[in-house]
Amino acid sequence: LGFTALEFCISGGNQLGNFAIDSTTGTLTVATGKTIDFEAGPTSYQLTITVTDLLITEFARSTSMTVTIFVLDENDNAPEIEPISPISITESDELSATPFSPTELVNVLFSDVDTTNSFAFSILSALGTMQATGMQSPVSHFTINSEGRISFTEPIDAEVYSGFALVIQLSDGIHQVTTPISIVSVA
Numbered sequence: 547l548g549f550t551a552l553e554f555c556i557s558g559g560n561q562l563g564n565f566a567i568d569s570t571t572g573t574l575t576v577a578t579g580k581t582i583d584f585e586a587g588p589t590s591y592q593l594t595i596t597v598t599d600l601l602i603t604e605f606a607r608s609t610s611m612t613v614t615i616f617v618l619d620e621n622d623n624a625p626e627i628e629p630i631s632p633i634s635i636t637e638s639d640e641l642s643a644t645p646f647s648p649t650e651l652v653n654v655l656f657s658d659v660d661t662t663n664s665f666a667f668s669i670l671s672a673l674g675t676m677q678a679t680g681m682q683s684p685v686s687h688f689t690i691n692s693e694g695r696i697s698f699t700e701p702i703d704a705e706v707y708s709g710f711a712l713v714i715q716l717s718d719g720i721h722q723v724t725t726p727i728s729i730v731s732v733a
């Protein structure tokens, strides 16, 4: 007396077979070989779970309930930086003026299908190509802000540098991606 034998099943809402239920315990899981992805959708599922008392066979009793499963987004995709074509600049008054005022060079555009990220930009390397020798050396002429805007931080002298090569990194907290930027002519 007092002993019951229950059987659990998914009786609705599982047309794609994404979920499985242990018929004895009622534990609901993602089915073997299936994946649930926020970006691929759907972002929620409504399943009908039915439990049947098997001990009373001639008067089998069962009840059903709806369970809503919400899929949360996680940072499982790397951001993508849009390609940046080589940039040509000239030694203009604003790039060689005294006092110097920072001048925006380019805005690094990117996308990320995840919705849960915060982003950080950094300059991994900045090299200037020497006009006289063609050799490259590290420079500190550039900065990048939190929105991906690259600016000159000091005057550019076309008699010293013929161009620059930057490597920019974008991080979403888990994934890091980089892109090169070439500044091809300082004339």
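With my numbering as the guide, the letters of the sequence shown map in order to residues 547 to 733.
The beta carbon of each residue, even a glycine, is placed where N, CA and C say it ideally should be.
query	result
Length of the line joining the Cα atoms of Ile-635 and Val-617	48 Å
For Ile-696 and Ile-702, believed in contact at Cβ under 8 Å, the rounded distance	Ile-702 to Ile-696, Cβ: 13 Å. No contact.
Segment limits, beta strand (DSSP E) that includes Glu-553	552-558
Buried versus exposed, by CB contacts within 10 Å (16 or more), Leu-651	buried
Nearest-angstrom Cα separation, counted from Asn-621 out to Ala-566	25 Å
For Leu-547, three-class secondary structure by DSSP	Annotation note: pLDDT 45 at Leu-547 (below 50); position unreliable, coordinate value reported separately. Here Leu-547 sits in coil by DSSP.
Beta-carbon proximity list for Pro-684, same chain, < 7 Å, skipping 5 on both sides	Ala-672 and Leu-673
Close Cβ partners of Leu-547 (< 8 Å) along its chain, the five nearest in sequence each way excluded	Unreliable placement is indicated for Leu-547, whose pLDDT of 45 sits below 50; the coordinate value is still reported in the next sentence. Nothing listed; no residue qualifies.
DSSP-derived helix/strand/coil call for Ala-566	strand
Asp-658 Cβ short of 6 Å to the ligand SAH heavy atom set	Among the ligands in the structure shown, none appear at all, so the ligand SAH cannot be discussed.
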